[in-house]
Every structure is written in structure tokens, then in C-alpha cells.
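Report on the structure given below.
There are 2 protein chains.
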Amino acid sequence: MSFKTDIEIAREAQKRPIQEIGAKLDIPTEHLLPFGHDKAKVSQEFVAQARAAKRGKLILVTAINPTPAGEGKTTTTVGLGDGLNAIGKKAAICIREASLGPNFGMKGGAAGGGMAQVVPMEDMNLHFTGDFHAITSAHNLLSAMIDNHIYWGNALDIDERRIVWRRVMDMNDRALRDMVVSLGGVSNGFPRQTGFDITVASEVMAILCLAADLDDLQRRLGDIVVAYTREKKAITCRDIGAEGAMTVLLKDAMQPNLVQTLENNPAFVHGGPFANIAHGCNSVVATQTALGLADYVVTEAGFGADLGAEKFFDIKCRKAGLAPSVAVIVATVRAMKMNGGVAKADLGSENVSAVEKGCPNLGRHIENVKGFGVPVVVAINHFHSDTEAEVQAVKDYVAEQGAEAILCRHWAEGSKGVTELATRVAELADADQAQFAPLYPDEMPLFDKIQTIARRIYRADDVLADDKIRAQLKEWEAAGYGNLPICMAKTQYSFTTDPTRRGAPTGHSVPVREVRLSAGAGFIVVICGEIMTMPGLPRKPAAESIRFNEEGLIEGLF
Amino acid sequence: MSFKTDIEIAREAQKRPIQEIGAKLDIPTEHLLPFGHDKAKVSQEFVAQARAAKRGKLILVTAINPTPAGEGKTTTTVGLGDGLNAIGKKAAICIREASLGPNFGMKGGAAGGGMAQVVPMEDMNLHFTGDFHAITSAHNLLSAMIDNHIYWGNALDIDERRIVWRRVMDMNDRALRDMVVSLGGVSNGFPRQTGFDITVASEVMAILCLAADLDDLQRRLGDIVVAYTREKKAITCRDIGAEGAMTVLLKDAMQPNLVQTLENNPAFVHGGPFANIAHGCNSVVATQTALGLADYVVTEAGFGADLGAEKFFDIKCRKAGLAPSVAVIVATVRAMKMNGGVAKADLGSENVSAVEKGCPNLGRHIENVKGFGVPVVVAINHFHSDTEAEVQAVKDYVAEQGAEAILCRHWAEGSKGVTELATRVAELADADQAQFAPLYPDEMPLFDKIQTIARRIYRADDVLADDKIRAQLKEWEAAGYGNLPICMAKTQYSFTTDPTRRGAPTGHSVPVREVRLSAGAGFIVVICGEIMTMPGLPRKPAAESIRFNEEGLIEGLF
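Residue numbers (our numbering), protein chains in the order written: chain A, 2 to 559; chain B, 2 to 559.
Written out as C-alpha cells, the structure is:
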């Protein structure tokens with residue numbers, strides 16, 4: 002077992018040139034656009050060709066509701082990808098890119114952990130291949146063009162109070178949340194109140210992650226609703242005339258990034274939308290490219306299965322025509338104990354009854370995911386303090402639910418520790434048992450879709466929404482947006498909207514605070530509770546400790 | 002002669018893989034960090050080694066005061082570099098990177114023109130290798146940390162009215178010039194007035210372009226003065242604790258970018274500080290790297306010689322220990338005619354007397370540049386409407402000034418059209434005649450330095466500055482900043498501060514409106530007239546026309 006830190010392990014990685022990694026997926030060198038020696042983008046031309054192949058099986062890694070104990074969803078995604086390769090399968094993984102801004106607040110992190118990581122870690126926590134910067138530029142170009150349109154006469158008759166398109170920056174900067182711009186007189190425009198969100202919250206990010214290709218990207222960008230007139234007529238990005246230039250700015254960002262795991266297996270790392278006000282999965286383009294090149298593609302969805310898997314199925318898979326073959330639900334003994342009421346400080350002691358008491362959280366996720374027609378395997382991500390009796394308790398519980406739980410040691414051992422899971426997942430995928438169907442049909446009324454998610458997934462009694470919200474949904478239906486799926490934004494820590502309610506609660510209701518239209522991304526965001534779209538820095542930000550040490554290594558970032 | 006557009010020519014370029022271009026300068030493949038197949042960064046390790054060699058001769062390309070007729074300074078820089086290679090010399094060029102934001106207002110442009118260009122043109126007008134995005138991030142991290150410091154108790158006792166560090170964005174967005182941030186209540190901080198500049202105006206940009214290496218970069222970033230206390234004590238970036246993280250963000254951006262000319266010769270394109278509130282030259286690191294690898298390095302400075310060459314000599318060369326061997330002053334017959342009073346519409350007709358009347362502008366630049374101890378050659382950048390008599394008039398005038406003017410046809414013919422200039426420049430450089438010395442010594446009082454520039458370069462009678470400005474300069478001298486050079490910010494169109502006064506005016510004075518301390522970059526900015534640090538978009542922004550056409554080519558950007 003390794004007790005080195007993630008960054009120590011990552012720095013010792015025996016990376017292969019990215020062309021060799023590409024060759025494992027038969028990507029010709031001329032279609033790999035290198036960024037240094039260990040990162041590359043796959044060319045747009047090759048992506049178009051690869052996407053058409055559709056050879057691979059799609060495996061979703063999701064999890065129980067997150068707890069402070071940590072579940073290791075990305076670690077398991079990486080480990081399973083390595084495990085599949087280790088048992089002789091041609092497999093690739095697809096995960097999200099990291100946001101730069103938050104790294105200066107709290108420490109940044111690995112993609113994965115222990116012996117199951119994607120590298121290069123430093124670059125992935127810094128500018129990587131510039132995708133998020135391109136998204137920031139494209140977003141803010143539209144913002145500048147809106148104010149510029151008003152400055153030069155406002156021919157579209159935009160109501161300056163009803164501009165819904167803000168600006169973005171990939172930085173935790175609370176001072177920019179709420180501001181009055183265009184001060185200083187005639188030459189600076191018309192003063193109005195607005196603000197910045199963090200880049201990952203941009204609708205452009207969600208669009209980039211859902212668009213099939215550059216044409217679809219441009220169409221979706223054009224569809225963004227940026228403002229309303231006094232008569233509440235929607236003004237789109239297309240009305241402003243920004244979608245062409247935004248597409249040009251995003252041409253490289255649309256090409257998926259290829260990197261490698263510690264075991265030199267291919268990993269696509271592309272896109273990173275918020276998992277609350279957006280759908281929280283890597284790009285459709287990356288997933289489809291991987292499915293065209295590999296026999297098994299392991300990907301993950303944000304947060305727990307109630308949010309992440311539901312959106313993965315109901316937004317990403319529905320819209321991209323993807324059909325997952327297997328879902329892996331990651332759980333840990335420690336997280337089961339926390340769900341069973343144990344405090345974080347006491348997680349080190351054996352407590353089988355707490356494990357048993359916490360398991361219903363896992364059980365409900367199993368039932369929910371199966372409800373989408375996708376076979377489930379539970380991965381118990383091993384921690385050194387886990388006892389055999391605790392592990393057995395989880396296995397027994399899962400068996401009672403008609404599924405199988407497999408202990409995995411990829412964190413400590415890499416692919417060697419995850420061959421049993423890999424073998425079982427490959428068997429299930431090859432058996433073609435999945436009969437995937439989304440939770441609700443496109444044509445269901447918007448409010449009914451929300452109720453369906455709340456009742457079937459969260460097991461709430463009802464949805465609480467005042468007349469204004471219901472009327473807004475009706476307005477959007479009248480305007481032709483009724484066929485869009487729902488993107489729920491609620492706490493990830495509970496099935497309910499109360500982050501403190503662990504386990505598998507019932508008898509609760511889901512209050513809707515606000516609804517937002519993401520017409521370009523193609524979903525209706527339903528906000529239940531406080532959602533922060535521009536984080537702040539803590540009292541002692543990580544940035545104060547980040548620097549090059551005397552050996553020229555980055556300190557403080559991890 | 003070619004009548005294709007620059008972009009048409011650039012798209013037909015027979016580019017060689019960037020590794021081949023690097024090989025021309027003996028850069029090993031492992032030290033070339035590729036960005037796609039036609040761009041690369043030179044590794045920090047190799048740069049450190051290359052800089053020590055100091056083998057090459059440095060050739061500055063500067064110009065007369067710019068006119069709407071266009072002079073072709075970058076075109077001549079590129080052409081001369083190709084010309085030197087064509088006559089068998091090992092030569093490289095060094096130029097600035099383009100700013101992204103302005104391309105969405107007016108059309109972006111080539112680096113060079115006609116048959117004397119640097120490619121890939123699209124990438125160089127878009128995100129290139131991400132340097133400017135990294136600068137934006139580093140700048141705005143410091144901004145966020147300042148507001149965060151105040152939010153958490155303001156232990157440094159920063160006077161919120163005296164924060165001089167703004168935010169930046171690489172976008173023309175006038176709405177962000179002047180704003181009130183931190184609205185919305187307790188959790189968003191203390192409301193205060195501030196704004197955004199465009200990224201190229203960032204002091205971080207100037208610092209990156211003057212820093213010798215990562216250590217020097219970090220030291221300079223730490224020196225930035227960001228605010229003052231109520232007692233007017235300066236608060237630096239180091240006090241905020243941001244310089245380490247900013248350096249980490251800039252580690253890749255500090256590595257110079259290598260691309261190629263249409264004739265497959267090496268071109269370093271790195272950094273792009275404003276030529277008014279900053280010094281307007283490419284990075285010291287790129288220039289020194291090129292000087293370590295090539296026998297001749299052709300570089301350019303922003304605007305005309307009165308601003309660009311003066312800052313190149315007095316800021317960049319002084320601080321980096323560079324000693325230019327030759328200066329090329331670019332002039333055109335058309336620009337001479339405009340200086341002689343001809344309107345732009347009438348430039349097509351022969352007018353020898355107007356050429357003669359305009360030549361004193363050129364003459365004064367020749368005299369000024371010679372005053373720095375650097376031999377001068379004039380390059381007459383040929384335009385198809387130039388007549389022999391007009392060209393001869395320029396040549397005769399220059400000969401009277403004790404210099405030589407050489408007609409160059411690199412725009413139409415590439416290196417073939419510039420062999421005479423290349424041969425003469427190489428001869429002058431090899432003769433080692435230069436006895437470079439900056440205009441004023443470090444220890445001269447700040448106001449005397451301003452007067453020296455105004456009298457000796459602009460030929461003004463005097464400098465007008467009110468007591469407040471003189472007192473500010475004295476304060477900075479007392480604080481230890483008295484040894485810094487001056488960075489003049491005035492109109493580039495005239496030797497005077499009045500943009501309409503062409504030719505070689507005398508009898509004028511230089512009114513100083515404002516002085517600013519760039520303690521990290523290491524100069525005092527002296528502002529004479531209006532300087533815009535955040536441009537706006539025009540009524541019909543170029544962005545509205547930018548898009549991919551049906552052939553997948555970018556339209557509207559050029």
C-alpha cells in the first residue's frame with residue numbers, strides 16, 4: 002500500500018509520449034494536436050470520423066450521496082479504466098476538466114487518487130489546453146456585444162433591466178458577484194446592475210459539452226436567451242450576431258483532450274459544466290469519440306446518482322443518443338458509516354451496525370439507477386481502516402437488493418486491485434442486458450417532469466412552487482421550450498433539499514425557488530435552495546502558499 | 002507582384018513542422034513543447050542555456066511616425082529576417098503577440114503582410130499558445146486576493162479608495178471601464194469603485210516581457226504596488242502574498258513561442274505590452290533566446306522611433322543589457338507625402354515636392370536613433386504606386402543626413418526583394434560600429450529624465466507639469482524609485498502631443514497629465530494626453546461578421 006501523496010505519485014509517473022497513447026486508440030499522429038509532450042487534442046476531422054463508428058460500450062460511474070468521508074468516484078473511474086485494459090480490453094476513460102479558480106481558494110486536486118490517477122496533474126489544475134479560457138472569451142464577447150448594442154442605439158429594444166446574460170471569469174472573486182457597470186459618463190454606456198459567475202457556470206460551458214459538432218455548437222450558441230424586451234420578447238445571441246465569432250473562439254476547445262492514466266491508458270478530459278445549474282458531465286464529443294475508438298468507455302457524472310446519474314441519463318444520454326450498458330455505483334464503508342450517523346472523527350473504529358444503518362442510501366441509488374434500465378454493480382472503494390465484517394455488511398446488503406458489490410483496491414494497487422470489478426463490468430456490458438430509457442418523455446409538461454424527478458428519484462411527497470414559477474414554466478411551454486429536459490439544482494448531500502438529511506429519507510417535499518431557461522444548452526434549470534455561481538476565497542487562500550520551491554516544483558497547489 | 006490578400010497568402014503557406022524550424026536554431030525536439038504542429042514553446046531549461054550564449058547581433062526595426070498610409074514595420078522586420086536567411090545568414094526574428102480583444106472590433110491582422118508574414122495567422126489572432134489568458138488569470142488573481150484581504154479584516158489597513166490595481170480582460174468592453182463592485186450585502190464585501198483594463202495594458206504583461214527568468218518574474222510581481230494605506234504607505238503584491246501563485250500561473254507563458262515565416266524561417270512571437278503605458282516590445286526572454294541561437298536577430302519596437310525606439314533603448318536594452326548593432330528605420334513614399342501635407346486620397350499621384358517636404362520627419366528620427374550610438378539604415382518599403390523620382394527623393398534626402406536608404410520589395414517578392422537591405426544590415430552589424438548608450442543615466446532625477454526625452458527626442462522647448470505631479474515624482478524618488486527609467490505615453494502620430502502635427506515640429510511643449518508607478522515592470526509612466534486602457538467596440542463590430550464559412554474557413558477575422 003502506498004502512502005505517498007497523490008502529487009508525489011503523479012510526479013513519479015512514467016508518462017509515455019502522447020502519440021503512443023493516441024496510437025493505442027489508432028489515432029494517427031497528424032490528427033493528434035500536441036500540447037507539450039503529454040497532452041493533445043484530437044482533430045475535428047478525426048473526431049467526426051471516429052464518432053460515426055459507435056463501437057464501444059458505455060459504462061457510467063456514479064456514487065452514493067457524497068459525504069465528508071469521500072467516495073472516490075473519479076478514482077474508481079480511472080481505476081476501472083486501467084482494470085479493463087489490464088484484463089485485455091481496449092478501454093478509455095472520459096472525465097471532466099478542472100476549474101482553475103477554486104484552486105486558489107482550497108487546494109486543487111488530482112484527477113483520481115493514489116495509484117489511479119490521470120496525469121499531468123499540474124497542467125490539469127492550471128491552464129491545461131486552454132479550453133476554459135476560450136469559453137470565458139466566448140461568453141464575455143457576447144456580454145460586450147450586448148452592452149455595445151445598447152450603446153449604439155439599442156435597435157433590438159432590449160430592456161436593460163432584463164438582461165440575463167452576465168459575464169464570467171475562472172476565478173473565485175466574490176467582489177464581482179454584484180456590480181454596477183458602465184459608470185463614468187456617456188462614453189461608457191448606460192449604467193446597469195449585473196455581475197460575474199465562475200466560468201464553469203457559463204451556459205457556453207454546458208453548450209460546449211452537449212454540442213455534437215461546430216455546426217450544432219453555433220446553432221445552440223445562437224439559441225441562448227440573453228435578454229428580454231419590455232414586452233418580454235426573448236432576445237437571443239443570434240439577434241446580437243455573436244454566435245459565429247463565439248464558434249470561431251471555441252473551435253479548438255471543441256476538440257477533446259487526450260491524456261493518460263498512471264498506467265499509460267488513454268483518458269479523455271474534456272469540458273466541466275457545473276453539476277448543479279448544469280448537467281455535470283464531460284463533453285458529448287469526448288464520450289462519442291471514445292466510443293468510436295475503444296470497446297469500453299468508462300465515464301462519470303457529478304455528485305451522487307440522484308443528481309449526477311439522473312442528469313447523465315435524462316440530459317446527456319437522451320440528447321446525444323447514448324445508451325449506457327452498465328452503471329457502477331461507488332460506495333465506501335466510511336461513507337456508509339457516516340450515513341449511519343457516525344461522526345467523521347469516529348470513522349476509524351469498526352461499526353458494522355452503523356454500516357448497515359447507512360446502507361439504505363446506497364440501496365435507493367441502486368433502485369433508482371436500475372429504474373433507468375441499466376444494470377448496476379457496486380464498487381466498494383477500499384480504505385485501509387475498513388474491516389472485513391464491515392465490507393461484508395455492504396456486500397450482504399447489496400446482494401439483498403439484487404445487485405453485486407465488489408471490493409476494489411485500485412487506490413493502493415492500481416489495476417491489480419480492480420480486476421474483479423473490471424471483469425464483472427465487462428461481462429455485464431457484453432451481455433447487452435441494458436434497456437436504457439430516460440425517466441420521462443420529452444412531451445411531458447415541465448412541471449410534471451419536475452414532479453416525476455422529485456417523486457421517483459428523491460422520493461419526495463411533492464414539489465412546492467408558487468404561481469409565478471408555474472406561470473413561468475407555462476410561458477416557456479408556450480414559447481416552444483416545453484420539450485426540454487429538467488436540470489435540477491439542489492444540494493448533493495441528500496436526497497432531500499436539506500443537506501443534513503443523510504440516508505434514505507421520505508416524507509419530504511421539494512421547494513422550487515427559481516427556474517431558469519438555458520435555451521442553448523437545452524434544459525430548464527430548477528433551483529431548489531441556495532446555489533452559488535461565483536465562489537469567494539477563504540480567509541487564508543491556497544494562493545498564498547502556492548509557489549515554486551527550490552527544486553522548481555510547484556508547492557501549495559495540491 | 003501578388004494581389005492576394007494577406008490571409009489568402011498565409012493559408013497557402015507551405016508550413017514545415019515546427020520541429021524542423023526549431024532544428025534550424027539547433028533546438029532539440031525534447032525542448033520544443035509543441036502546440037499543434039506549427040507552434041511551440043521553447044522549454045525553460047533550454048532558454049536558460051541559450052540565453053547565456055549571446056552570440057547574435059541585434060537589429061532593431063523602427064519607423065517614422067505612423068500615418069494612415071501605413072509604414073509596414075512588422076512586414077519589414079519579417080522581410081529582413083527572411084532576407085538575411087536568403088543571403089546565407091543564420092537569422093531569427095522577434096515580434097509581439099497580438100491582442101485578442103480588438104479583433105472583435107476592427108478586423109485582426111497579419112503578422113507582417115504580403116509575402117513577408119509570420120504564420121499561422123488564424124491562431125496568432127485567436128488564443129495562440131494561451132499566454133495572454135495566463136496573464137489575465139495572474140492579474141485577476143491578485144485583484145481577487147486584494148478584495149479578499151479586505152473582506153477578511155484588512156489586516157494591512159488598505160485604504161479602499163486608494164486601490165490602484167484594477168482587473169483585466171482581453172476584450173473590448175467599455176461597460177467595464179468604470180464600475181462599483183461588491184454590491185449585494187455583507188457576503189460580497191465592501192462596495193468600491195474600480196474597473197477593467199484590456200489585458201495588454203496589465204503591468205503583468207510588461208513584467209513578463211522584461212523579466213529575465215521565473216525568479217526575476219516573481220520578484221518583479223512581488224514589487225507591484227497595488228494600493229496605499231491612509232498614511233499613503235505603499236502596499237505591494239508581496240504584502241498580499243500573490244506573487245508565488247502568479248508565477249506558477251505564468252510558468253508556461255514565460256517560455257517564448259516559436260513559429261515560422263512564409264519562407265520557413267524561425268520567428269519568436271512572445272509578449273505584447275501596450276506601446277503607450279508600457280514599453281511596447283516583445284519579451285526580453287525571446288530576444289535573448291534568439292540572440293543565443295542565431296547570428297542575427299531582427300526585432301521591432303512599437304509606434305514610431307520617438308516612442309518605440311526610445312523605450313526599446315532606454316527601458317528594454319538598458320534593463321536587459323542588450324546592445325543593438327544596427328537600427329532600420331522604415332519609411333514609405335506615401336507616408337513621406339502625408340507628412341508633406343498630401344491627403345490620403347491623393348497619395349496615388351506622383352508628388353516629389355511633397356515627399357521632400359515630408360522627409361524631415363524621417364530625418365529627425367535618423368538623428369535621434371544615431372544619438373543612441375546605433376548605426377542607421379532606412380528601408381523604403383515599396384508600394385506599387387511609388388515613382389522612381391519619389392523614391393530617389395527619399396534616398397537623396399537620407400544621404401544628406403549621412404545615412405543610406407534602400408528600396409525594399411519584400412511585401413511583393415519576399416526575401417528576393419530585400420537582399421540589398423539584408424546585405425547592408427549584415428555588413429553594418431559585422432563592422433561592430435555601434436556604441437550604444439541610453440539617453441540618460443539611471444541616477445538622473447525623474448523630472449530631468451522626462452525633460453531630457455522631451456527636449457532631445459521630441460525637440461520640445463519644455464515639459465509642463467503642475468506641482469502635484471512634480472511632488473509625486475519627488476515622493477517616488479524618496480521611496481527609492483528614482484533610478485527607474487521613464488515610459489512616455491503620448492500620441493504616436495507626432496513628435497508633439499498633438500496628433501495632427503506631422504513633420505518635424507519645434508517650439509512645442511509637453512504637458513504631463515498624470516504619472517504612474519509601475520514598480521514591478523520597473524518604470525515610471527508619464528501620461529501626456531488621453532490614454533485609453535479599455536477600448537470599446539464600434540457600431541458594427543467585426544465580431545458580427547466572424548464565422549466559419551461553408552468550406553470551414555474563418556471569415557471576417559481578417
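Even glycine gets a Cβ: it sits at the ideal position worked out from N, Cα and C.
Residue closest to residue i, alpha-carbon to alpha-carbon, out of the options
i: residue 127(A); options: 250(B), 464(B), 380(B); result: 250(B)
i: residue 57(A); options: 327(A), 139(A), 265(A), 238(A); result: 327(A)
i: residue 434(B); options: 277(B), 40(B), 377(B); result: 377(B)
i: residue 184(B); options: 493(B), 178(B), 192(B); result: 192(B)
i: residue 339(B); options: 252(B), 442(B), 13(B), 355(B); result: 355(B)
i: residue 91(B); options: 417(B), 82(B), 243(B), 97(B); result: 82(B)
i: residue 310(A); options: 333(A), 374(A), 353(A), 253(A); result: 374(A)
i: residue 515(B); options: 5(B), 471(B), 287(B); result: 471(B)
i: residue 234(B); options: 157(B), 289(B), 265(B); result: 157(B)
i: residue 385(A); options: 60(A), 351(A), 365(A), 358(A); result: 351(A)
CB of residue i within 8 Å of CB of residue j, strictly
i: residue 409(B); j: residue 422(B); result: yes
i: residue 524(A); j: residue 485(A); result: yes
i: residue 16(A); j: residue 120(A); result: yes
i: residue 68(A); j: residue 336(A); result: yes
i: residue 440(B); j: residue 51(B); result: no
i: residue 361(A); j: residue 455(A); result: no
i: residue 7(B); j: residue 559(B); result: yes
i: residue 196(A); j: residue 178(A); result: yes
i: residue 508(B); j: residue 462(B); result: yes
i: residue 142(A); j: residue 247(A); result: yes
i: residue 312(B); j: residue 272(B); result: no
i: residue 267(B); j: residue 43(B); result: no
i: residue 527(B); j: residue 555(B); result: no
Per DSSP, the bridge partner or partners of residue i
i: residue 300(B); result: 61(B), 95(B)
i: residue 42(B); result: 34(B), 258(B)
i: residue 114(B); result: 117(B)
i: residue 528(B); result: 490(B), 515(B)
i: residue 9(A); result: Note: residue 9(A) sits in no beta bridge, so no partner.
i: residue 195(B); result: 180(B)
i: residue 408(A); result: 381(A)
i: residue 267(A); result: 261(A)
i: residue 236(A); result: 228(A)
Under 8 Å from the C-beta of residue i: neighbouring residues of chain A
i: residue 532(B); result: Within chain A, no residue comes near residue 532(B); the closest Cβ sits about 14 Å away, beyond 8 Å.
i: residue 171(B); result: 138
i: residue 148(B); result: 174, 175, 176
Span of the alpha helix (DSSP H) around residue i
i: residue 293(B); result: 285-294
i: residue 168(A); result: Per DSSP, residue 168(A) belongs to no alpha helix (DSSP H); it is in the beta strand (DSSP E), 168-170.
i: residue 464(A); result: No alpha helix (DSSP H) holds residue 464(A); the beta strand (DSSP E) holding it covers 463-465.
i: residue 428(B); result: 420-431
i: residue 398(B); result: 389-401
i: residue 152(A); result: 132-152
i: residue 318(B); result: Unbroken run through residue 318(B): none, as it is neither H nor E.
i: residue 15(B); result: Note, residue 15(B): premise wrong, no alpha helix (DSSP H); not H, not E.
Chain-ordered chain A contacts of residue i [CB-CB under 7 Å]
i: residue 180(B); result: 180, 181, 182, 184
N- and C-terminal bounds of the beta strand (DSSP E) containing residue i
i: residue 201(A); result: Careful: residue 201(A) lies outside any beta strand (DSSP E) and carries neither H nor E.
i: residue 331(B); result: 325-332
i: residue 163(A); result: 159-164
i: residue 227(A); result: 226-230
Neighbouring residues, chain B, relative to residue i (Cβ below 9 Å)
i: residue 48(A); result: Near residue 48(A) there are no residues of chain B at all, since even the closest Cβ is about 13 Å away, more than 9 Å.
Chain B residues whose Cβ lies nearer than 8 Å to that of residue i
i: residue 248(A); result: 548, 549
Interface residues of chain A facing residue i [CB-CB closer than 9 Å]
i: residue 555(B); result: 249, 252
**Prompt:** When you check each C-beta in the region 540-552 of chain B against every C-beta of chain E, which residues fall closer than 7 Å?
**Reply:** Within the model displayed, chain E is absent; protein chains A and B are what it includes.
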